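Protein chains: 2
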Amino acid sequence: MLFESLFQNIEEKVTITESDKTLLRSFFRVKKLRKRQYLLQEGELCKDIAFVVRGALKSYTLDDKGNEHVSLFGLEGWWISDFRSFICGETALLNIDAIEETHVLLLSRAHYDTMLDQMPLMERYFRILYQNSLVTKDRRLISSHTYTAEEKYQELLRQYPFIIQRIPQHLIASYLGLTTETISRIKKKQLI
Amino acid sequence: MLFESLFQNIEEKVTITESDKTLLRSFFRVKKLRKRQYLLQEGELCKDIAFVVRGALKSYTLDDKGNEHVSLFGLEGWWISDFRSFICGETALLNIDAIEETHVLLLSRAHYDTMLDQMPLMERYFRILYQNSLVTKDRRLISSHTYTAEEKYQELLRQYPFIIQRIPQHLIASYLGLTTETISRIKKKQLI
DNA sequence: GTTATTTCTTGTTTTGGGTCAATGTATACC
DNA sequence: GGTATACATTGACCCAAAACAAGAAATAAC
């Protein structure tokens, strides 16, 4: 049950057999988080990447004034981690915590490496996953440099309409590099 | 000769044999660009990803006012393309042209796919390459949302000190989402 | 159902960095 | 060399969005 959404996600990119699934199961462990619970805190080592089975998380940095800057949301079917910390072994700059009650599948660095060695199709899966993420991140960077506040919000609506239903506005604002007041004003303007 | 820097780049991530090299050579073709020459123009299909052997390129969008927004530089040993177009087969939003006289190795989509099918180690190479690119892009997005103009410039200096020697200031400004005037003022301030 | 907490709105003020314009300085090209 | 073109600096002014402040709504907690 728990693994179904992971398998589904994998099968969108590569073909896996039942025995692959059995092997895959052995690499992950389940973790449940309640609302506001940390998955990772700044300064720790990010030991796992997390596949979100249900719920929602956010990853964010805190600046010197204590302002939150959301870098990513993790919803069902998405991966979330401090990738820099996980890959390079440096301490995390990101905090990750649950916006809602959340279930994740955790994959440790050791299991990640083993998995990639034993399962060439997972090498391909992650190559494709990262390839797609790069496309997304490129678009975000362009948006961040080229668009006005209003255009950024529009683009988000177009791209992830469901996110508005799900995630509090001030977090969306932060994700876009804006303030909640600005979003509020944009929304007001649209109605008139 | 031309392939040495590509092989070197690959060997930083995976181990390749002489016969791998021979096979690899067959997938690429060489292209020389003079200064200002396009590698890709907005609206075209991005048919190749390019490995830069020498020289420097920039990829950028143009907004409605005709302003250039640099999204990436391609220097020796880096890959450059409109990845979204290359992967998804949509028309390119990016322009890519040479800042200097440049030599690139081009890899077409068909060759890319064949290569990945025939050479598991290249699957791994690209997985690692993308993995690292994601780390970089994450950092850029954080920087773009969290830092002041001055901090953005400082961070670039720290990360890629050589780039200042190489790339005109107005392009660096654009890459950071700033204007050349702003950079000029930051530099002035540092001297005092 | 009352109270607390979180989230959102609206008004006012402030500011970082953009825009515009003019001038200076390299670098490239005949 | 001279002159064209690209690139950088400086100053004056402006504006989009941030910051600040105060309430209003919505949700959650008891």
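First to last, the protein sequences are chains A and B.
Sequential numbering from 1 applies to the first sequence in the UniProt record's numbering.
Sequential numbering from 1 applies to the second sequence in the UniProt record's numbering.
For every residue, glycine included, the Cβ atom is placed at its ideal position computed from N, Cα and C.
Small disclaimer: the values here were computed from a predicted structure and weren't measured.
Distance CB(residue i)-CB(residue j) smaller than 8 angstroms
{"i": "R139 of chain A", "j": "V135 of chain B", "result": "no"}
{"i": "F51 of chain A", "j": "L94 of chain A", "result": "no"}
{"i": "L106 of chain A", "j": "K21 of chain A", "result": "no"}
{"i": "residue 212 of chain A", "j": "S59 of chain A", "result": "Residue 212 of chain A lies beyond the residue range present for chain A, which begins at 1 and ends at 192; the question has no answer from this structure."}
{"i": "L33 of chain A", "j": "T114 of chain A", "result": "no"}
{"i": "L129 of chain A", "j": "Y153 of chain A", "result": "no"}
{"i": "A173 of chain A", "j": "I183 of chain A", "result": "yes"}
{"i": "Q169 of chain A", "j": "T180 of chain A", "result": "yes"}
{"i": "S144 of chain A", "j": "S133 of chain B", "result": "no"}
{"i": "R166 of chain A", "j": "A56 of chain A", "result": "yes"}
{"i": "F86 of chain A", "j": "C46 of chain A", "result": "yes"}
{"i": "L39 of chain B", "j": "A98 of chain B", "result": "yes"}
{"i": "K137 of chain A", "j": "K137 of chain B", "result": "yes"}
{"i": "V14 of chain A", "j": "Y112 of chain A", "result": "no"}
{"i": "E42 of chain A", "j": "L62 of chain A", "result": "yes"}
{"i": "V48 of chain A", "j": "S19 of chain A", "result": "For the record, residue 48 of chain A in the displayed sequence is Asp; it is not Val. Contact flag unset, no."}
{"i": "L24 of chain B", "j": "L141 of chain A", "result": "no"}
{"i": "N9 of chain B", "j": "G66 of chain B", "result": "no"}
{"i": "K35 of chain A", "j": "E100 of chain A", "result": "yes"}
{"i": "E123 of chain A", "j": "R29 of chain B", "result": "no"}
{"i": "V53 of chain A", "j": "V104 of chain A", "result": "yes"}
Per-residue DSSP class, three states only, for residue i
{"i": "N95 of chain A", "result": "strand"}
{"i": "L2 of chain B", "result": "coil"}
{"i": "E68 of chain B", "result": "strand"}
{"i": "V14 of chain B", "result": "coil"}
{"i": "R34 of chain B", "result": "coil"}
{"i": "K47 of chain B", "result": "coil"}
{"i": "T114 of chain A", "result": "helix"}
{"i": "L105 of chain A", "result": "strand"}
{"i": "S59 of chain A", "result": "strand"}
{"i": "I167 of chain A", "result": "coil"}
{"i": "L75 of chain A", "result": "strand"}
{"i": "L178 of chain A", "result": "coil"}
Any chain A beta carbon closer than 8 angstroms to residue i
{"i": "L87 of chain B", "result": "First, the residue type needs correcting, since residue 87 of chain B is Ile and not Leu in the sequence shown. Interface residue, yes."}
{"i": "G74 of chain B", "result": "no"}
Contact with chain B by residue i, beta-carbon distance below 8 angstroms
{"i": "F83 of chain A", "result": "yes"}
(message) Beta carbons nearer than 8 angstroms to chain B: which residues of the segment 123-154 of chain A have them?
(response) E123, R124, F126, R127, Y130, Q131, N132, S133, L134, V135, K137, D138, R139, R140, L141, I142, S144, H145 and T146
(message) Across the segment 86-103 of chain A and the segment 115-123 of chain A, are there enough close Cβ pairs to call them in contact, namely three or more that are closer than 8 angstroms?
(response) no
(message) Tell me which residues of the segment 44-70 of chain A have at least one Cβ-Cβ distance to chain B shorter than 8 angstroms, keeping chain order.
(response) T61, D63 and H69
(message) To be precise: take each residue of the segment 160-190 of chain A, compare its Cβ to all Cβ atoms of chain B, and keep it if any distance is under 7 angstroms. Which residues remain?
(response) G177
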